[in-house]
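Novice:
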Amino acid sequence: MQQDDVVEPRVPVKDELKKRTVKGPDGFEFEVDPIHDYYCDARPEVRPGSYLKIVEDLFNWARSESLWILGFGTGCGAIEMRPLMTPRFDAYRYGIQWRPTPRQANLFVISGYLSVKTLKRVIRSYEQMQNPKYVVGLGSCTVNGGMYWDSYNTIKKLDEYLPVDVYVTGCMPRPEALLAGFEELKRIIRAGKGEGANLYAKNFDWYKANQKRVIHDWDMPDYNW
Amino acid sequence: MRTLLENLKERFPLGPITEQRPDLVFVTVERSGLRPLLAHLRDREGFTHLVLLTAVDWIEENLFQLTYLVHDRRRGRDIGLRVLVPRDAAEMETIHDLWPTAATYQRELREMFGIGFPGSPRVDEEFILEGWVDLPPYRRDFDTKAFAEEAFAHRPGRETHDPATHMRERLTAQGRAK
Amino acid sequence: MTFEWIKIPQSLLTLFIVLNYGLLLTALVQKIAARAGRRHGIPIWQNYVDLLKNYGLRTNITHGVMYYLGPVFRLSGGVGLLLFVPTIYGSEMFSNLSFAGDLILALYFIFFGTLGMALGAGESGHPHAAIGVSRGLSQVTAAELPLALAVFSVALQYHTLSVTDIVAAQQGGVAHWTLVTNPLAVVAGMFSFLGSMMRSPFDVVLAPQEIPIGPPTEYHSSYLALMQTNRAIFPVAKMVIYMNLFFGGASSWAEFCLKIFLIYMVSALVGVVFPRFRVEQSIRWFLTWAVPVGVAAILLV
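The listed protein sequences derive, respectively, from chains A, B and C.
Sequential numbering from 1 applies to the first sequence in this note's numbering.
Sequential numbering from 226 applies to the second sequence in this note's numbering.
Sequential numbering from 404 applies to the third sequence in this note's numbering.
#1: In chain C, what lies closer than 7 angstroms to residue 90 (chain A) by C-beta?
#2: How do the stretch 532 to 548 of chain C and the stretch 633 to 640 of chain C stand: do at least 3 beta-carbon pairs fall below 8 angstroms, yes or no?
#3: Quick check: residue 58 (chain A) and residue 455 (chain C), are their CB atoms within less than 9 angstroms of each other?
#4: Express the C-alpha separation of residue 307 (chain B) and residue 22 (chain A) in angstroms, rounding to a whole number.
#5: Looking at the unbroken alpha helix (DSSP H) that takes in residue 189 (chain A), where does it start and where does it end?
#6: Identify the contact partners of residue 155 (chain A) in chain B, using a Cβ-Cβ distance below 7 angstroms as the criterion.
#7: Closer than 7 angstroms between beta carbons: that is the criterion. Which residues of the stretch 447 to 469 of chain C meet it against chain A?
#8: Measuring alpha carbon to alpha carbon, tell me which of C:590, C:605 and C:512 ends up nearest residue 676 (chain C).
#9: Hey, is the stretch 661 to 678 of chain C in contact with the stretch 436 to 454 of chain C, meaning 3+ C-beta pairs nearer than 8 angstroms?
#10: When the distance is taken between beta carbons, is residue 260 (chain B) closer than 9 angstroms to residue 318 (chain B)?
#11: Within this structure, are the beta carbons of residue 158 (chain A) and residue 107 (chain A) separated by less than 9 angstroms?
#12: Could you say which of A:76, A:93, A:218 and A:48 lies nearest to residue 195 (chain A) if we only look at CA atoms?
#13: Quick one, are the C-beta atoms of residue 168 (chain A) and residue 139 (chain A) less than 9 angstroms apart?
#14: DSSP three-state label for residue 4 (chain A), please.
#15: Could you work out which residue in A:130, A:213 and A:182 is closest to residue 64 (chain A) when comparing CA atoms only?
#16: With DSSP as the reference, identify every bridge partner of residue 296 (chain B), one or two as the case may be.
#17: Tell me whether the beta-carbon of residue 648 (chain C) lies closer than 9 angstroms to the beta-carbon of residue 581 (chain C).
#18: Which residues share a DSSP beta bridge with residue 290 (chain B)?
#19: Are the beta-carbon atoms belonging to residue 264 (chain B) and residue 323 (chain B) less than 9 angstroms from one another?
#20: Would you list, in sequence order, the uninterrupted alpha helix (DSSP H) runs of no fewer than 4 residues that lie entirely inside the stretch 647 to 678 of chain C?
#21: Verify the CB distance criterion: does residue 4 (chain A) have a CB-CB separation below 9 angstroms to chain B?
#22: Given 8 angstroms as the limit, is there contact between the stretch 87 to 98 of chain A and the stretch 116 to 127 of chain A, that is, 3 or more CB pairs closer than that?
#23: Would the stretch 495 to 514 of chain C and the stretch 555 to 571 of chain C be scored as touching if the rule is three or more Cβ pairs under 8 angstroms?
#24: Determine the closest residue to residue 381 (chain B) out of A:161, A:162, A:149 and A:26, with distance taken between C-alpha atoms.
#25: Residues of chain B with CB under 8 angstroms from residue 151 (chain A), in chain order?
#26: Got a sec: which bits of the stretch 620 to 631 of chain C sit with their beta carbon under 7 angstroms from any beta carbon on chain A, in order along the chain?
#27: Given this structure, state the Cα-to-Cα distance separating residue 704 (chain C) from residue 576 (chain C), to the nearest angstrom.
#28: Would a C-beta distance cut-off of 9 angstroms place residue 430 (chain C) and residue 587 (chain C) closer than the cut-off?
#29: If you draw a straight line from the C-alpha of residue 78 (chain A) to the C-alpha of residue 479 (chain C), how long is it?
#30: Report the option in C:692, C:694, C:685 and C:696 whose CA atom is closest to the CA atom of residue 401 (chain C).
#31: Which residues in the same chain as residue 228 (chain A) place their Cβ atom closer than 6 angstroms to its Cβ, once the five residues preceding and following it in sequence are excluded?
#32: When the Cα atoms are used, what is the spatial distance from residue 597 (chain C) to residue 670 (chain C)?
#33: In whole angstroms, what separates the C-alpha of residue 4 (chain A) from that of residue 42 (chain A)?
#34: When you compare each of A:224, A:189 and A:212 to residue 66 (chain A) by their alpha carbons, which one comes out closest?
#35: Determine the chain C residues that contact residue 131 (chain A) at a beta-carbon separation under 8 angstroms, and present them in chain order.
#36: Short of 8 angstroms Cβ to Cβ, which residues in the stretch 160 to 186 of chain A face chain B?
Here it is in structure tokens:
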């Protein structure tokens, strides 16, 4: 893939990611370049839906009724997601489940403030999720920084870095608000407007430039499958 | 506590003493006098727990103040030792051999204040921040607001209220009348 | 024995019925477990929606051939187990492809899926998958031992390796069931059943808390959907074996549904009540409690 020459990393690369020569057990020496050898860095592609509208509508209905959340709590808002599993709120009724691995999840709840360090992990996890995927920004911090508006290491505007489908405001929003946000997301998906993954693929260079502007030690491939 | 301070005064040169509570005093000591004093407190006087190691940036005096707070579990008392180091040559002796936990504090201080602790394990690795390229962020000459405004994209339309004036306007009579 | 082609669509019909029954049954058992925690639980059709969604995902990636074959092996383990065992006793239509020595084949198929999964998950290269697989294989191996003993005991008792003949010998009321005539074998078999259902206390393989989800960590979209399909078929197929060996088989679909549900409830009830074993604890449990019962069952026949 072509190299993005927007912002070159200003921080030296970690030792384990440097190009090096390794001697194999059979005596051969070969060169390892971890970032390019260990990851597939093909760019994401825009994946159109099914040709038949009725099939796509059916799939969209299924997607909306089966939201699998990636269990990744980025900030204090993660504590508001846990009550959703309990008998009091019981989000399982609405087809919402938690999956521990990004491969199986299709909804990423950014729960609260997002520091630059976490943003890096969030991007990796987000990119490992499969198309179509959705992002819910939880709490005011994801909207405009919230109470961390002048903090030196939290991002202020989530949709600069990831395509966001729904924002749930509040500091912190109650679990009811989160449930209402999920219902809103379901309406969006059913209307066929939950195309965040394709948006991400389409404006890939713009998102990458924004991400690299804040993440100075970019030591991963541009797209983590 | 009094007797302890008397004892210490006989053995070590102590600076100004602040008695915060009956069970908590702060003592200012010289840079070179810290280590023997800490060792004495730990081994002889029962202050076995390093509660925290933190720093204050006295930018006006061009000094960093390091505070070593140690705790005596058995008698339930604390002593804070204050050491002043110059800001432009910010470096301090490491105490990770007295308390292994100090290494973590020292890593944090190295990253957040830029105070060096030569010889402390992994002190030069990044601790919380990743890829930080600016001044250490807890120094007072680091302008957080300007940095945040420059580094991050902001959403327009944000209102800010100063909490004191805002609450005064909302709560007091002349504020509501206005 | 001549092969009749009509058996193929008939077996597929069985498969279709069992798939739907399995999807509904697992959702129902999940609902029951949720009610034990005073929740409403998932809607009863949730498994269908999840399946549809996973088949409808637009991208999938692969880690290699074995990664692709893993879910296929797993599914063929479940389907094979179902197809080579008579589902409904006395019905020519639903006796599937059973033959004289099918009991041995069934034992093989129970293990087959796990092995395929191990190869596939190993190729995915995720450390959690590797941990999960090693846990899974050791636990399934330990759980398989009492089952094998119980099966041999039953085979010795009836002097046959054909499931159809074993069911035939149990006809004529509860008094003829293996449950009554050879209770030790049933106990050993049910202990093993608990271990192979991936429910608490033996669910350390999936361990959603410490090693996120274990073997299927890297599986997604269609691969995961294949595995979900198997997750619906395989327990039912396994319970068909248990039903045929121990509980007199079923002579109609209604009896089939009822018996399978009750057998599943054994595992579900135990799962709701007991916390999780670690791998070494569960292996020790199988070796100290289930295996001696199985040995006794063989000795006493």
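Backbone N, C-alpha and C define an ideal beta-carbon position, used for all residues, glycine too.
Predicted model, so just to flag it, every value in this text is computed and none were measured.
Specialist: So, from the data block:
#1: 442 and 443
#2: no
#3: yes
#4: Rounded to the nearest angstrom, the two C-alpha atoms are 50 angstroms apart.
#5: 175 to 190
#6: 377
#7: 449, 452, 453, 455, 456, 459, 460, 461, 462, 463 and 464
#8: C:605
#9: yes
#10: yes
#11: no
#12: A:48
#13: Yes, the pair counts as a contact, with Cβ atoms nearer than the cut-off.
#14: Confidence at residue 4 (chain A) is low in this model, with a pLDDT of 43, below 50, so its placement is unreliable and the value that follows should be read with caution. Reduced to three states, the DSSP call for residue 4 (chain A) is coil.
#15: A:182
#16: Residue 296 (chain B) has B:274 and B:303 as its beta-bridge partners, per DSSP.
#17: In contact: residue 648 (chain C) and residue 581 (chain C) (Cβ atoms closer than 9 angstroms).
#18: B:281 and B:309
#19: yes
#20: 656 to 676
#21: In this prediction, residue 4 (chain A) has a pLDDT of 43, which is less than 50 and means its spatial position is unreliable; nothing more can be read from the coordinates.
#22: no
#23: yes
#24: Measuring C-alpha to C-alpha distances from residue 381 (chain B) to each of A:161, A:162, A:149 and A:26 identifies A:149 as the nearest.
#25: 369 and 373
#26: So the list reads 620, 621, 622, 623, 624 and 627, given in the order they occur along the chain.
#27: 21 angstroms
#28: no
#29: Going by the C-alpha atoms only, they are around 40 angstroms apart.
#30: Here chain C covers residues 404 to 704 and nothing more, so residue 401 (chain C) does not appear.
#31: The question about residue 228 (chain A) has no answer, for chain A in this structure spans 1 to 225.
#32: 6 angstroms
#33: Bear in mind that a pLDDT of 43 at residue 4 (chain A), under 50, signals an unreliable position, so the model cannot answer this.
#34: A:189
#35: Think of a sphere of 8 angstroms around the beta carbon of residue 131 (chain A): the chain C residues whose beta carbon falls inside it are 460, 461 and 462, in chain order.
#36: 160
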